[in-house]
Amino acid sequence: MLGQLFVAGVVHGLVIGLAALAVTLVFGIARFPNAAAGDTMTLGAYAGFAAHGATGSLAVAGGASVLAAAAASLAGYLLVFRPLARRPVAALLVAAIGVAFLIRAGLGLAFGHQQRVYQVPLAWPIEVMGLRISPMDLTLAGVALAALAVAFLVLYATPIGRQMRAVADDPDLARVSGIRPFRVMVALWLLAGAAAGIAGMMLGIKTVVSPEMGWESLLPAFAAAILGGIGSPVGAVAAGLVLGIAQEVSTPVVGFTYKIALAFAVLLAVLLVRPRGLFGRVEAVR
Amino acid sequence: MITQRRTLLATGAALLATPRVVRAQAETFRIGALNPVTGAGSPYGSGMQRAILAAVEAINAAGGANGRRIEVFSEDTQTSPQAAVLAAKKLIEVNRVRAILGTWSSGVSLAVIPLTNDADILLMHTSGAPALSTPPANAKNLGYRFQATNDRFGRAFAEIAVREGFRRPATMAFNNASGIGNTEGFRRAWAAKGNRNGEHVVYEPNQPSYRAELLRVMNTRPDVIVMGSFLPDTTIILREWFQMGVPMKWIIPGWAANPQLVQALGPAVTEGIISVDSVSNEGSPAFAAYDAAYRRATNRPGLDNVYAAMTWDMAHTLALAIEQAKSFETAAINAAIRQVANPPGEAVPGFAEGKAAIAAGRKVNYEGASSVLDFDEFGDVTPDFGVFFIERGQINRRYVVKI
Amino acid sequence: MEAYLAAIGIIAAVYVLLTLGLTLQYGLTGLVNFGHVGFFALGAYASALLAMQGVPLPVSFAAAAAVAAIAAWPLGLVALRLREDYFAVVTLGFGETVRLAITSERWLTNGVQGIPGIPRLFGGVGIEAALATLAAIALACAVAALMLRRIARSPFGRVIEAIRDNEEALKALGKDPARFKLQVMMLGSALAGLAGAFYAHYIAYLSPDQFVPLVTFYAWMAMIMGGVGRVSGAVVGAALLMLFLEGTRFLRDLLPGLVSEVEMASLRLGAVGLALVLFTLFRPQGLMGDYTRR
Amino acid sequence: MSLLIRDVSRSFGGFRALDRVSLEMPADGLLGVIGPNGAGKSTLFSVVSGFIPADAGTVSLDGRTLDRLGPAARARLGLVRTFQVPREFHHLTVRENLMAAAPGQSGENLLGLFFRPGRVAAEEALTAAAAQDVMDFLRLAPVAGLPAGRLSGGQKKLLELGRALMAKPRLILLDEPFAGVNAVLVQEIAARITELNARGIGFLIIEHDLQALSRLVPRLAVMDRGRVLAAGAPAEVLADARVREAYLGGVVA
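Protein chains in written order, with the numbering used here: chain U, 5 to 290; chain C, 60 to 462; chain Z, 2 to 295; chain Y, 70 to 322.
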């Protein structure tokens, strides 16, 4: 039983982890919790749904969700968040809520409120070391891991990725060392959007596609981003996995209603002990 | 003096709020279509609203009710009592509607019914909460329920479980009034038959995975799982269940186990599911008329949305009652509703036929699209329940259960 | 018509109370509270449950404010040590947790079935009762507004505005920001709790799905449109919010057949989003001006 | 009656910002601390004022250990700091900035505010008068009604000092009072410090401007790489070979 829950938690955790990756990149570099990340996921789910319906190919769907979500993410930066860059965090937060509502409204107009379902073939599970694992879960885990591999390749093996991490570590230092912030920010928002898009598609395949789906995943994504330490991509994914697994495995103990609140409880507990997050560095008070 | 000014104000506002086209025409009978277009009820709300508009179109085409055209003002409850109360106030005070049709969730109906009672107008709803049958909610007997109560559904589920020979049922319920009402109704009825209840799980909406919930109910090795669920969560749960590879029988309410579910999951997953619904008379002429109208309005089959069939019936019942009462007064209309909906009388499938029969002086009995539509002393329908088996992607009715 | 206007007025006044709470917390003190709806819900349920036990309404209203304030205490103790963005996320989580608790603790709240038949103010639904209710809540708003003005112009107000501007500097001068922030959290939450009590006894039916995060963001929208940190801004902002939420109904009546109700709902949400974005971009001080223009 | 810093150490990651620093000064004295960037001066200030806990060592005032106290509590004991980059309350006026710093106001208590309005009003009058005195003393009176965010850099420095004065200090920790301030104002500020010191308020001053500082203080301490190299009268200290090598290099030849 625990093993089964663990497996369910892994896939769920990968979805949260990808969403948290999107949140933590923006949080670490643009310095605010992007409340539009959830609805960017929804956009990815719908784009993937449309592409999948037209072609029947999961690969094409993934490409569409990445493209659409990255484009929306970049548009949000250029039109809204860039002009607000020097303003208080609360202004950015409120604007992000506004962007989230705009995306959701657009999707509602375009697709209506009926549920949409990815028509993916369902198959009976295969047995791996005594655990029953559905082939779709394996596929989704593969998709998530591939997406993460690409994201980490960009972050750790390309010049722009190194610059992004440098800005996340110390914006002032990065500025004096000649990093061009605009290019870094464009890359950042594209990458964050793409991660959210893939997460949205995975969530859409696991569940059903509806305009509210992404907004409802926002809280766990925030929790994972903070838990993992703001600006730490590895931490975000790890924390997403921890939360996903903890939510499933703890269900027999806390019950089915409160399992949603678990993300919040874990978050609060961690912040009590480590106010800067689990993996986060202690920043000196200047 | 005050009254006069109030009337003046109200008339002015009503004029403002009324489209120019209509203002030029003769007096109409105004009704409000107050439906859950957004929020939790959104899968059904817009269809419900369109069914009302389509029904009114048909009624007006047949010459209107008691000589007046019916005019519809539509609003969105947002499936939220707060938004619904403001919408209802606006319908009553500004649009001066004489009946409100199609509130869906129990929360919204419970919040709206004090307002309709106070304004002395009818409320026709599809909510399951038993509290809506009796005072204080239904103190003036102006509330009509077009949906079987959750409790009746539960009792029907228990009858079916007995008839199908199940012995160890478990239950899963969506955490809202309707979901829990269904499963608790079932558990009470099941226990009353001297049986033991199995595991009971109440789950939250919009979870990416229901693995934990499924494992919990399956742990007790039930031979059937009785659901109190809606379409999106049923889709996710069944998909997850299928991928777990454990054979299981399901009894699911008809609004969740419907053609959309089959379309979403395919015949393999849905094979053998027992879907239960108040007999929605697919064979009946009323259903055929509704189905055609619904397809025209939404491009979807009428079976997709049982609540739309109910709102279709609301408009018809109301119009027939007005025709029967030969009056536009609430008291007279209210008195006529059971006359036109309940037996005895000539079974009529639509407004035009009913109007003709009433004109000929015959007693009519409207047989609706959603059920045969007979109201008891509480204003609740007492439908029979159709038991459907999903076989190779087809939803086939096997038999009918009477409670 | 009058009853409809009274209804709008009452709901608008509920939002005025909620917005005044935010004005104190965010506008004056800089606390980003995204869990306002949680305190609103606690007040609503507290007053409703007490009143249904036969407790007189004035007592239950006071209890609503008290319960919300007391709930803010432990949250404040924990969360006020955090950075403002963490605080925002934690309060958002708090709001959701309150809703889940109401959903789950059926022995107390009747869960998702909700609580019908909550006693109404001035007994009834007639126009006289509605006008009396409107008068009562308007009075509450006026008292709250005056109280906030008194606070804003006092030594206490000076300190909380100093917290908003620079917390570290205030510590260096020997003041404990945490003590002030805690009081602000509790007082703002008490206002939300009071708003909840009015709401509960007006709608007369409570269920958990009435307390979604959107309520919090409506109040934020009212504050931002009206003017951050201005008492008059809260009133103007709440009025604008209602005009905007209710006005869309009439827009559709005037343009029949142009947009369906589904599209209208999306358009309404989109307009909320657009208003939030445009106001932050182009008029961050709101219509009535904010604390930068005294 | 003295401020005593004994064997204070503090590291960030692997970097030792403070390495067993010891300093002592009378509470009403005047001590300057100089040193190159990264010498640990600011960290020392943060540790002494309670903003950063020390890893080891102890800070005491008049024999009372401060190590367990937060910054606010230390300030209430009379140890008030300013910041290198001024941290004015930018939306408050200059007068409000000063009045906010006054200690022990009963109007800062919500109960007092609503139930003893008379007393609050009387106290406000006194606080306003005190703020007026400070503004007159620091020549800030002409900008009394201006939001502090709109002041010039030098005026903000004066405001920082003024707020510290309003907090009833015994010893003020001044963080680079002359940085970014024009020469005329430097003289002005230096003169005020001397005058305040004569009234019995102590100063511990971090400064880059060696010339201005050595004219102002009777005693200097020199820090480098987290250590105190030397302490004494300015002339003596500046003559020290280690100091010349570490800090002055060839600059002041």
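Every residue gets a Cβ at the ideal spot worked out from N, C-alpha and C, and that includes glycine. Remember, predicted model here, so these are calculated numbers, not experimental data.
According to the DSSP assignment, Thr230 (chain C) belongs to the beta strand (DSSP E) that extends over 228–233. Counting along the chain, Ala86 (chain Y) sits inside no alpha helix (DSSP H); it lies in the beta strand (DSSP E) bounded by residues 84–95. His277 (chain Y) sits in coil when the DSSP states are folded into three classes, being neither helix nor strand.
Annotation: the continuous beta strand (DSSP E) that includes Ala300 (chain Y) extends over 296–301.
CA-to-CA, the gap between Arg75 (chain Y) and Pro246 (chain Y) works out to about 25 Å. Each residue's CA atom was taken as its position, placing Pro178 (chain Z) and Lys237 (chain Y) some 19 Å apart. Within the region 57–76 of chain U, no residue has its Cβ closer than 8 Å to any Cβ of chain Z. Just measuring C-alpha positions, the residue of U:Ala40, U:Ile264, U:Ala127, U:Ser254 sitting nearest Ala74 (chain U) is U:Ala40. Taking 7 Å as the cut-off, the beta carbon of Leu277 (chain Z) is found closer than this to the beta carbon of Val98 (chain U).
Contact of Tyr5 (chain Z) with chain C by beta-carbon distance below 7 Å involves Lys148, Lys149, Glu152, Val153. The Cβ-Cβ distance between Gly10 (chain Z) and Leu135 (chain Z) falls below 7 Å.
Interface with chain Z (7 Å Cβ-Cβ cutoff): Ala260 (chain Y) is excluded.
For a cut-off of 8 Å, the C-beta gap from Leu47 (chain U) to Glu264 (chain Z) is around 18 Å, too long to register as a contact. By the CB criterion at 7 Å, Asp124 (chain Y) and Arg79 (chain Y) fall inside the cutoff. For the set Z:His37, Z:Glu168, Z:Leu83, the Cα lying nearest the Cα of His159 (chain Y) is the one of Z:Glu168.
Each of U:Pro37, U:Val19, U:Thr28 was checked against the Cα of Leu159 (chain U), and the nearest Cα belongs to U:Thr28. Straight through space, the alpha carbons of Ile33 (chain U) and Pro264 (chain C) are spaced by roughly 34 Å.
The bridge partners DSSP lists for Tyr262 (chain C) are C:Phe233.
Counting C-beta pairs closer than 8 Å gives three or more between the region 356–372 of chain C and the region 105–121 of chain C, which meets the contact rule. Taking C-beta atoms as the reference points, Glu152 (chain C) and Tyr206 (chain Z) fail to come closer than 7 Å. For Ile239 (chain C), the chain Z residues whose C-beta falls within less than 8 Å of its own C-beta are Gly112, Val113, Gln114, listed in chain order.
Annotation: the region 122–168 of chain C contains the following complete segments of the beta strand (DSSP E) (minimum length 3 residues), in chain order: 129–135, 158–162. Comparing alpha-carbon positions, the option among U:Ala109, U:Ser69, U:Phe31, U:Gly67 lying closest to Ser267 (chain Z) turns out to be U:Ala109. Nearest neighbour of Val407 (chain C) by Cα position, chosen from C:Tyr203, C:Lys422, C:Asn393, C:Ser337, turns out to be C:Lys422.
In the DSSP assignment, His184 (chain C) forms a beta bridge with C:Thr162, C:Arg204. Taking all protein chains shown into account, Ile130 (chain U) has fewer than 16 neighbouring C-beta atoms within 10 Å of its C-beta and is therefore exposed. Ranked by Cα distance from Leu82 (chain U), the options U:Val190, U:Pro37, U:Leu126, U:Gly146 are led by U:Val190. The distance from the Cβ of Ala7 (chain Z) to that of Leu132 (chain Z) is about 6 Å, consistent with a contact at the 8 Å cut-off. Between the region 94–105 of chain Z and the region 443–450 of chain C there are fewer than three inter-stretch CB-CB distances shorter than 8 Å, so the stretches are not counted as touching.
Across the structure, Ser164 (chain C) and Ser186 (chain C) are spaced so that their CA atoms are roughly 5 Å apart. Restricting attention to Z:Thr249, Z:Pro214, Z:Glu247, Z:Pro209, the CA atom closest to the CA of Asn111 (chain Z) is found in Z:Pro209. Residue range 288–293 is occupied by the beta strand (DSSP E) that includes Met292 (chain Y). For Tyr103 (chain C), the enclosing alpha helix (DSSP H) starts and ends at 101–120. As a beta-bridge residue in DSSP terms, Val423 (chain C) pairs with C:Glu405. For Phe88 (chain C), the enclosing beta strand (DSSP E) starts and ends at 88–94. By the criterion of at least three beta-carbon pairs nearer than 8 Å, the region 120–129 of chain C is in contact with the region 82–102 of chain C.
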